[in-house]
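Novice: Numbering-wise (this note's numbering), the sequence shown opens with residue 1 and increments by one. For glycine and all other residues, C-beta sits at the position ideal for the given N, C-alpha and C.
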Amino acid sequence: MKAVDLYEYLSGNEYPGRGIAIGRTPCGRKIRIGYFIMGRSENSRNRIFVEDGDGLRTEAFDASKMKDPSLIIYAPVRVLNGTTIVTNGNQTDTVYDFLKEGKSFEDALRTRTFEPDGPNWTPRISAVVNGAKVSFSILKSADGSDAHVQRQFFDYDELPAGEGRIIHTYETNG
1 MKAVDLYEYL SGNEYPGRGI AIGRTPCGRK IRIGYFIMGR SENSRNRIFV
51 EDGDGLRTEA FDASKMKDPS LIIYAPVRVL NGTTIVTNGN QTDTVYDFLK
101 EGKSFEDALR TRTFEPDGPN WTPRISAVVN GAKVSFSILK SADGSDAHVQ
151 RQFFDYDELP AGEGRIIHTY ETNG
């Protein structure tokens, strides 16, 4: 795997959409998590992060401008018994509920698909961090339509010190 500078990587992509970056500090003692959102529509750009207990949720910056909350209002970060869940949509709650019942991250996401926002079919990206173990997932259209979903999972037992991984919804300009 080729190492890249996160700033350079993201600045070379006009619209990476939403993304999750997780890395280990150079000293190797801590994990850092980053989550970002962008939006094309006025509705998508009209949201902010608000602390909610151990996690975060989104809310409308200007409630009078909100048109459809279904894909923009959600909890992107929740914590359950030391496990941090980060996603780009309401699948955060699905993962949380499955983990609370003793089920797996993967099983939770096998019940979900990409966002119903055709023709984009925005991928749902998710991650969980439990101690040193990091898992990512992306749920995306397999063929550019709403007919078939492709689910991919990536597991890391321990990230090397000073390194991280990123997953985001769009490779080039959405």
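1) Exposed or buried, which one is Ser126 when buried takes at least 16 other CB atoms within 10 Å?
2) What did DSSP end up calling Ala142 once you bin it into helix, strand or coil?
3) So what does DSSP say about Asp157, is it helix, strand or coil?
4) Between Asp54, Arg57, Val86, Ser137, which has its C-alpha nearest Phe114's C-alpha?
5) I need the boundaries of the alpha helix (DSSP H) containing Leu6, first residue and last residue.
6) By how many angstroms is the C-alpha of Tyr156 removed from the C-alpha of Lys30?
7) Report the start-end ranges of each alpha helix (DSSP H) in the stretch 91-137 that is 4 residues or longer and not cut off at the edges.
8) How many angstroms separate the CA atom of Ala63 from the CA atom of Ser41?
9) Taking 9 Å as the threshold (C-beta atoms), are Ile72 and Gly39 in contact?
10) Distance, Cα to Cα, Glu163 vs Asp97?
Specialist: Concretely, from the data shown:
1) buried
2) coil
3) coil
4) Ser137
5) 6-11
6) 15 Å
7) 91-100, 105-109
8) 15 Å
9) yes
10) 30 Å
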